[in-house]
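Asks: Just so you know, we're using UniProt numbering here: the sequence shown kicks off at 12 and counts up by one.
Each residue gets a CB set at the ideal place from its N, CA and C atoms; glycine is no exception.
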Amino acid sequence: TPRVFSGIQPSGNLHLGNYLGALKRFVEMQNEGIETVYCMVDLHAITVWQDPEELRRATRELCAGFIASGIDPKKSILFNQSQVPEHTQLAWIFNCVARMGWMQRMTQFKDKAGKNAQNASLGLFAYPALMAADILVYHATHVPVGEDQKQHLELTRDIAMKFNHDYGIDFFPITEPVIEGAATRVMSLRDGAKKMSKSDASDASRLNMTDDADTIARKIRKAKTDPDALPSEPKGLDDRPEARNLVNIYAALADQSVEAVLRESGGRQFSEFKPMLAELAVEKLSPISAEMSRLMQDTSEIDSILAQGAGRARAIAAPILRRTYEIAGMVGVT
Ligand code: AQP
Numbered sequence: 012t013p014r015v016f017s018g019i020q021p022s023g024n025l026h027l028g029n030y031l032g033a034l035k036r037f038v039e040m041q042n043e044g045i046e047t048v049y050c051m052v053d054l055h056a057i058t059v060w061q062d063p064e065e066l067r068r069a070t071r072e073l074c075a076g077f078i079a080s081g082i083d084p085k086k087s088i089l090f091n092q093s094q095v096p097e098h099t100q101l102a103w104i105f106n107c108v109a110r111m112g113w114m115q116r117m118t119q120f121k122d123k124a125g126k127n128a129q130n131a132s133l134g135l136f137a138y139p140a141l142m143a144a145d146i147l148v149y150h151a152t153h154v155p156v157g158e159d160q161k162q163h164l165e166l167t168r169d170i171a172m173k174f175n176h177d178y179g180i181d182f183f184p185i186t187e188p189v190i191e192g193a194a195t196r197v198m199s200l201r202d203g204a205k206k207m208s209k210s211d212a213s214d215a216s217r218l219n220m221t222d223d224a225d226t227i228a229r230k231i232r233k234a235k236t237d238p239d240a241l242p243s244e245p246k247g248l249d250d251r252p253e254a255r256n257l258v259n260i261y262a263a264l265a266d267q268s269v270e271a272v273l274r275e276s277g278g279r280q281f282s283e284f285k286p287m288l289a290e291l292a293v294e295k296l297s298p299i300s301a302e303m304s305r306l307m308q309d310t311s312e313i314d315s316i317l318a319q320g321a322g323r324a325r326a327i328a329a330p331i332l333r334r335t336y337e338i339a340g341m342v343g344v345t
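(1) Looking at K209 and ligand 1, is the gap between the Cβ and the nearest heavy atom below 7 Å?
(2) Does the Cβ of L133 have 16 or more other Cβ atoms within 10 Å, making it buried, or fewer, making it exposed?
(3) Express the C-alpha separation of G320 and S276 in angstroms, rounding to a whole number.
(4) In the DSSP assignment, what are the bridge partners of I45?
(5) Going along the chain, which unbroken runs of the alpha helix (DSSP H) with 4 or more residues stay wholly within the segment 182–262?
(6) Could you give the first and the last residue of the continuous alpha helix (DSSP H) run that contains G320?
(7) Could you tell me whether the segment 124–140 touches the segment 48–63, where touching means 3 or more Cβ pairs closer than 8 Å?
(8) What residue range is occupied by the uninterrupted beta strand (DSSP E) comprising G18?
(9) In chain order, what residues of the same chain lie with their CB nearer than 8 Å to the CB of K121, ignoring the 5 residues before and after it?
(10) CB of Q160 to nearest heavy atom of ligand 1: below 7 Å?
(11) Might you give, ordered along the chain, the residues of its own chain that have their beta carbon closer than 7 Å to the beta carbon of V269, omitting 5 neighbours on each side?
(12) For V272, count the other beta carbons within 10 Å of its own beta carbon; 16 or more makes it buried, fewer makes it exposed. Which is it?
(13) Going along the chain, which unbroken runs of the alpha helix (DSSP H) with 4 or more residues stay wholly within the segment 20–75?
(14) Taking C-alpha atoms, which residue in R251, Q94, R229, T226 lies nearest to D237?
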């Protein structure tokens, strides 16, 4: 039976890329009636420094973001990673399955560690093994993510295959990435070659889920573009990364294909298209941000949702971890 798992880091600034690349799909899959398990991955966030008070706030705010986007904690299992210790327990086993060479090929580590990789945390290097454990401790079959997570999901498959092969048992499923929609890679509003990211120093580079209507409109007005009008077909966006990005965002927010958007808006100048995009973005994002701030007024409700979610998550994860320990030869597993 299919089971969906995915996670988002509570590292602040939940943005439009997280929404279109991940959250929006999470909600669709939940509403298709598939079993869905969604996680705030706080243990991933601390692979780079996080102020403790800010991490606590960001974790609760992310939970509010999930709910405000349409995740129903009755339909989906919604929880915080560190409240389910089976993730880190399985991650240790996977640290012993994954090879150094596999991890060294991970482009996200290279990007995030930068030139001074010797000074990166060991956790940042081992991150994809914990991610594999997040997924496989639920025997999840499908993982909706943005384009940037593709390589980590291939590593998850490699770890599952090597475990199954080494222990001679068909135990972990080979997970399918689900990378779908018009905006699987939302780019920075300031630079069409960089992905929209939580950690970009320029706030103008992203639409935060907590931005108010005026801020959204201003950021879109100032978004980098080229001087040409919109083409009437997608191939006219080749070599126009900023134009392509705004069209993709429009299409994803409007639930239309890129072709349909260009059929309608081909020939328009950005001076005309940007206000249309701003209006659509405000229409779709404002209710989410309003609901997030409402939920954040009383965090005890959020904390109780997370505690209940953790209980339900552990009920699935604990037997799978126990069986893994047994397969690997640990004594005293009951
Ligand atoms: N720009 C993006 N376009 C589409 N999808 C994106 N995702 C992230 N950025 C984009 C997807 O959002 C989910 C959660 O991401 P994450 O917070 O776990 O990891 P991240 O990729 O590290 O997020 P950021 O925003 O880029 O943070 P920093 O700046 O810290 O690197 C994932 O499914 C991801 O694909």
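Replies: With the structure as the only source:
(1) Yes, the Cβ of K209 comes within 7 Å of a heavy atom of ligand 1.
(2) Answer is exposed; the Cβ neighbour count stays below 16.
(3) Distance between the alpha carbons of S276 and G320: 44 Å.
(4) I45 pairs with nothing; no bridge assigned.
(5) Here the runs fully enclosed are 224–233.
(6) First-last of the alpha helix (DSSP H) with G320: 310–339.
(7) With a cut-off of 8 Å, the segment 48–63 and the segment 124–140 count as touching, because enough Cβ pairs lie within range.
(8) 14–19 is the extent of the beta strand (DSSP E) around G18.
(9) Closer than 8 Å at the Cβ level, and outside the excluded window around K121, lie A128.
(10) Yes; taking the cut-off as 7 Å, the Cβ of Q160 has a heavy atom of ligand 1 nearer than that.
(11) If we look at V269 and ignore the five residues flanking it on each side, its Cβ neighbours are A193, P245, V258, N259, A262.
(12) Buried, by the Cβ-count rule.
(13) Those alpha helix (DSSP H) runs which fall completely within the segment 20–75 and span 4+ residues are 35–42, 53–56.
(14) With distances taken between Cα atoms, D237 lies closest to R251.
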